[in-house]
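To start, the structure under review is shown below, and the notes come after it.
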Amino acid sequence: MLLSKLLIPITKDLPADAKIKSHQLMLRTGMIRQSSAGIYSWLPLGFKVMKKIEQIVREEQNKIGAQEMLMPTIQSADIWKESGRYDDYGEEMLRIKDRQGREMLYGPTNEELITEIFRSSVKSYKSLPQMLYHIQWKFRDEVRPRFGVMRCREFFMKDAYSFDTDENSAKKSYNKMFFAYLNTFKRLDLQAIPMAADTGPIGGDLSHEFVILAETGESKIYADKKIFEVNLKNFKFDDKSLEKMRKDFSSFYAVTDDKYKKDEFDKNVNKSNQIITKGIEVGHIFYFGDKYSKPLNCFVDTKEGKKDLVKMGSYGIGVSRLVGAIIEAKYNNEIMKWPKAVSPFDVVIIPSISKNNNENMVKASKIYDELKKQNVDALLDDVDENMSIKFKKHDLIGVPFQIILGSKSKENKFEFKEVNQEAKILSLEEIKRKLKK
RNA sequence: CGGGGUGUAGCGAAGCCUGGUAUCGCACUUGGUUUGGGACCAAGGGAUCGUAGGUUCGAAUCCUACCACCCCGACCA
1 MLLSKLLIPI
11 TKDLPADAKI
21 KSHQLMLRTG
31 MIRQSSAGIY
41 SWLPLGFKVM
51 KKIEQIVREE
61 QNKIGAQEML
71 MPTIQSADIW
81 KESGRYDDYG
91 EEMLRIKDRQ
101 GREMLYGPTN
111 EELITEIFRS
121 SVKSYKSLPQ
131 MLYHIQWKFR
141 DEVRPRFGVM
151 RCREFFMKDA
161 YSFDTDENSA
171 KKSYNKMFFA
181 YLNTFKRLDL
191 QAIPMAADTG
201 PIGGDLSHEF
211 VILAETGESK
221 IYADKKIFEV
231 NLKNFKFDDK
241 SLEKMRKDFS
251 SFYAVTDDKY
261 KKDEFDKNVN
271 KSNQIITKGI
281 EVGHIFYFGD
291 KYSKPLNCFV
301 DTKEGKKDLV
311 KMGSYGIGVS
321 RLVGAIIEAK
331 YNNEIMKWPK
341 AVSPFDVVII
351 PSISKNNNEN
361 MVKASKIYDE
371 LKKQNVDALL
381 DDVDENMSIK
391 FKKHDLIGVP
401 FQIILGSKSK
411 ENKFEFKEVN
421 QEAKILSLEE
431 IKRKLKK
């Protein structure tokens, strides 16, 4: 992609409304554009990052055997009346009437719909367990949307649902998701802490929030540093090992502000291991048994020929929120560095350009073509501007690797730089090797 | 939802108090000079001043209503 052709309306001035760095950066680099309060359009740069996050989330869901599907954004109110949540959900639910006067709503979540699908499709215990998920837009009519994509009304979310014959089996599904979540955040290069959580309006009795560490996070966190020593690689993908994994993680103290008690913290965590920081909730998982299968009459036939309520869990990851959350975690001192896995480009080529001498631009184009052949997604900064302006721009765009063609490059060697590290003078072959994933 | 505030060009602001038909910086266009950390010179384009109504010879400015957006608080991926 040529920078001159990329729709990336960079501004030097901060938009007055943006208060936190992810919101500021996303507006300044034109990743998003506000459409109305808490509702955003995703411009190419932001969209690309979000799609990469989505893909990682998808891959990790698939790995644990969850099946992808897609449910609509608009739902009928009927099933929500059946579950009793049509009234409970309150003002947060956006209610719509169609031309026939039927009550519809823009889905804030999908427990009802998936249960309705499940009950009419699955009749036997033999089909269980099942895990289904979709990645879809949701709408919650927040009282006060703010902080850009961190707290908006329309958001992109992965939500998964598990179906099991009994609680024991359901908890195994829960543990699988727990595992998938930790792997997902790891691939996104985020430090995530699973924390025992309240179940809130979704209901149920087992729940964890996944909070990633970021200084500007919304909630304060008190945790035992040792939780980071738990290594996912030590666990196999089998029920016993996953159960142990969850217990290992749960054995360390980690709570949010509302549950924090100083004496408990001091008692459970060595002073030297105490970390007090801030975090952003990016995932939430629940086991809630028959909370929805009961009102919605979702039964399967058991081995004994009886009918039993299906035991369910639900599992959310805020995909669009993660875009902002990654920025909160990675953007520092006016410099953004995307994790390689989600960066909008693999590398940016920055030639020093002048009218009388297009040598750098010619070389840069060759490098660009070479990299393209190797499936490296490169951005070529073909704009005729001062290098200093270019550098400032790329500090914001945040591509983690730069190939710079200017005063320091030699005949066939170029400056290669990983953001926040020293530049090296390397040949194209060496650069290619560095960029191999 | 309660409290507060703001709407002027793509972005950031001035002008409003004290009415006389819109100013500045960035960005953009053209030409020239520059070219390693947010350049310079010259010329240029772009605004129904949130919307509607009212007062007035005359409204961005005063009045009324509406709309939108933002901030502070209680809730959420």
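When the letters of the first sequence are read in order and numbered with our numbering, they come out as residues 1 to 437. Beta carbons are placed, not taken as given, at the ideal position from N, Cα and C, and that holds for glycine.
Following the DSSP letters along the chain, one finds F163 in no alpha helix (DSSP H) but inside the beta strand (DSSP E) bounded by residues 154 to 164.
Looking only at D78, S120, Q55, the smallest Cα-Cα distance to E68 is reached by Q55. In the three-state reduction of the DSSP assignment, I317 falls in the strand class, which pools E and B.
In the displayed model, N62 falls within a helix according to three-state DSSP.
Pairing F147 with I20 gives a Cβ-Cβ distance under 9 Å. The Cβ atoms of E112 and W137 lie no closer than 9 Å to each other. When the beta-carbon positions are compared, I425 and I350 stay at least 9 Å from each other. Under the rule that a run must span 4 or more residues, the alpha helix (DSSP H) segments found entirely inside the region 36 to 83 read 44 to 63, 77 to 83. For D258, there is no enclosing alpha helix (DSSP H), as DSSP marks it with neither H nor E. About 12 Å separates the Cβ atoms of F228 and P194, ruling out a contact at the 8 Å cut-off. Between the region 205 to 213 and the region 274 to 281, the count of C-beta pairs closer than 8 Å reaches three or more; the two stretches touch. When Cβ pairs closer than 8 Å are counted between the two stretches, the region 39 to 47 is seen not to touch the region 283 to 299, the count staying below three. In the DSSP assignment, R140 falls outside any beta strand (DSSP E) and carries neither an H nor an E. In the displayed model, E415 falls within a strand according to three-state DSSP.
Distance from the CA atom of Y181 to the CA atom of G283, rounded to whole angstroms, is 8 Å.
Look at D369 here: in three-state DSSP terms it is helix.
The region 71 to 83 and the region 245 to 261 do not touch, with fewer than 3 CB-CB distances between them shorter than 8 Å. Distance from the Cα of G90 is smallest, within the candidate group G107, N412, K186, for G107. Here D301 is near S124, since their CB atoms are less than 9 Å apart. Counted as a single uninterrupted DSSP element, the beta strand (DSSP E) harbouring L105 occupies residues 103 to 106. Per DSSP, the continuous beta strand (DSSP E) segment holding K307 begins and ends at 307 to 309. Residue state for M195 is assigned as strand, using DSSP reduced to three classes. Counted as a single uninterrupted DSSP element, the alpha helix (DSSP H) harbouring L396 occupies residues 387 to 397. Contact annotation: I117 and R58 have beta-carbon atoms that are not nearer than 9 Å.
Here D87 carries a helix assignment [DSSP, helix/strand/coil]. Ranked by Cα distance from Y133, the first of K363, G65, N168 is G65.
The count of Cβ pairs closer than 8 Å, one atom from the region 156 to 165 and one from the region 331 to 343, stays below three, leaving the stretches out of contact. Between L435 and L2, the C-beta spacing is not below 9 Å.
K220 and N270 have their C-alpha atoms some 19 Å from each other.
DSSP lists S162 as the beta-bridge partner residues of M131.
A direct Cα-Cα distance of roughly 42 Å separates A170 from D377. Put simply, the backbone Cα of V383 is about 11 Å away from that of K393. With respect to the 9 Å criterion, E415 and A423 are classified as neighbours on the basis of their beta carbons. The distance from the Cβ of S320 to that of V149 is about 5 Å, consistent with a contact at the 8 Å cut-off. Taking the Cα of M93 as reference, the smallest distance to any Cα among Y315, V310, T109 is reached at T109. Shown here, A18 sits in coil according to DSSP, grouped into three states, outside any helix or strand.
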